[in-house]
Structures are given as C-alpha cells and as structure tokens.
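Counted from 1, the sequence shown has number 135 at position 120 by the working numbering; the numbering is strictly sequential.
For glycine and all other residues, C-beta sits at the position ideal for the given N, C-alpha and C.
Remember, predicted model here, so these are calculated numbers, not experimental data.
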Amino acid sequence: MRAILTDIEGTTCSISFVADTLFPYARARIRDYLAAHPDEAEGVPVETLERWIDEDRKDPVLKRIQGRIWREGFTSGALKGHIYPDALTALRRWRERGLRLFVYSSGSVEAQRLLFGHCEAGDLTPLFEGFFDLSAGSKLEPDSYRGIAETIGLPAADILFLSDNEREIEAARAAGLHVQLIDRVRGDTFESIRH
16 MRAILTDIEG
26 TTCSISFVAD
36 TLFPYARARI
46 RDYLAAHPDE
56 AEGVPVETLE
66 RWIDEDRKDP
76 VLKRIQGRIW
86 REGFTSGALK
96 GHIYPDALTA
106 LRRWRERGLR
116 LFVYSSGSVE
126 AQRLLFGHCE
136 AGDLTPLFEG
146 FFDLSAGSKL
156 EPDSYRGIAE
166 TIGLPAADIL
176 FLSDNEREIE
186 AARAAGLHVQ
196 LIDRVRGDTF
206 ESIRH
C-alpha cells in the first residue's frame, strides 16, 4: 500500500458531529447567508435547500453553500472539528511511515479542509496530500475511484479506501482499490486496519 484514501463522516469523525452540529449550524444560517449571497443558490429555492439539509442530500450546490457557512463558524471558533482518537493516531502513524493520505467525501473540499484545519486536535491538513469531493464523481461509482487513482498518480491496487458505507466500499473494490469497512457501531476502529 502506498496511499490511503479515507471518507470522513462515520469513518474519521462521528456521524453525530455532522448530523447534530454541522447540519443544524448551516440550516439555522442558510436564509441569512443566501440573502447576502443570492447567486450562490444557482436558482434553487431556499426552501428546497433547507429540505435537502434535512434529507442529507448529496447535492453539489448545497454542499458548497454548507461549506461556506461552516467556514464562518470554523474561522470564528464557533465550530471545532471532531476526529476519533484512533483515527488521528493512525493517520499520523501512516504519514510518518511515508504513506500518502487523501480524503474523499461528499462534503465540499472547502468543508473538508475546514473540518481538518480546525480540529479539537489542531490543524490536521498537513497530514493530507489532497482532498476530493463530488466533483470527482459519485462515491457509489467505480469510475470515481479510478479517476482519483489517476489524479494522484498511483495504480488503484496501491490505494486503501476506508469508509463506513458498504456501497462506497463495493464501488472502490470494483475500481481495484483495497478496501476496509469501518463500522463504528460494530466497534471497528482504525487500530484494526492491517495493510
């Protein structure tokens, strides 16, 4: 293995942090934000965007707006990113061993950088060489993982993908990546990963 590509929500950070902290933070501020930046909605009504937040819709327009609202929260100190201690330890160890680390999440690249840049544990962005979001394609499509492998310049077989989502795991496996399901409910941790 020469690189690790990791999901965020449910894998490196708690699903409840996203669902119970980040989503409500954006929802409470989206109307005021769009009143000040109306063009960012790209014609999508605010009521639709609010519904999509409630549904956890993986829409690029919504994710971009959420990311910009979260930027205000993270930079003001109102928000601090969560990371599981075992994930932090493993990521640091892998980086020290020379593994290349990347993130692939449905959240925008900006939101990913904010979460890892303003963590309870400090700025973790230097651990990662790159960040990928839905502009790389759906996380349920093998071609998305092939494209990421090509972008980072490694064969798919040299990359380990970590996620809590079985359908994402299946898509990455179909693209030729090694995969590891992290099921926090079942008790999986990064300490159980062997590569």
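Give the straight-line distance between the Cα atoms of residue 62 and residue 126, rounded to the nearest whole angstrom.
22 Å
Of the choices 58, 60, 70, 18, whose alpha-carbon is the least far from that of residue 39?
70
Looking at the secondary structure, which residues open and close the beta strand (DSSP E) in which residue 211 lies?
In the structure as shown, the chain begins at 16 and stops at 210. Residue 211 is therefore absent and cannot be evaluated.
Among all the DSSP beta bridges, which residues are the ones paired with residue 115?
18
Whether residue 94 touches residue 52 by CB criterion (8 Å)
no
If you count every other CB in all the chains shown that lies within 10 Å of the CB of residue 43, and 16 or more means buried, which is it?
exposed
Give a yes or no on whether the C-beta atoms belonging to residue 23 and residue 116 are separated by under 8 Å.
no
Taking the alpha-carbon positions, what's the residue 201 to residue 59 distance?
Straight-line Cα distance between these residues: approximately 39 Å.
For residue 49, collect the residues of the same chain with a Cβ closer than 8 Å to its Cβ; drop the 5 residues on either side in sequence, then sort them by chain order.
Hits under 8 Å: 55, 56, 61, 64, 80.
Cβ contact (3+ pairs, closer than 8 Å) linking the stretch 86 to 101 and the stretch 143 to 162:
no
Do residue 179 and residue 197 have their beta-carbon atoms positioned less than 8 Å apart in this structure?
yes
Could you tell me the alpha carbon to alpha carbon distance between residue 162 and residue 151, rounded to whole angstroms?
7 Å
So the beta strand (DSSP E) residue 147 belongs to, where does it begin and stop?
Secondary structure note for residue 147: its beta strand (DSSP E) is the uninterrupted segment 145 to 147.
Alpha carbon of residue 16 to alpha carbon of residue 112, nearest angstrom
11 Å
When the Cα atoms are used, what is the spatial distance from residue 103 to residue 128?
15 Å
With 16 other CB atoms within 10 Å as the buried threshold, where does residue 139 fall?
Buried, since its Cβ has 16 or more Cβ neighbours within 10 Å.
If you reduce the DSSP assignment to three classes, tell me which class residue 194 lands in.
strand
Residue 24 bridges to which residues according to DSSP?
28
With 16 as the cutoff for other CB atoms within 10 Å, does residue 158 come out buried or exposed?
exposed
What residue range is occupied by the uninterrupted alpha helix (DSSP H) comprising residue 12?
Limits of the chain in this structure are 16 at one end and 210 at the other, which puts residue 12 out of reach.
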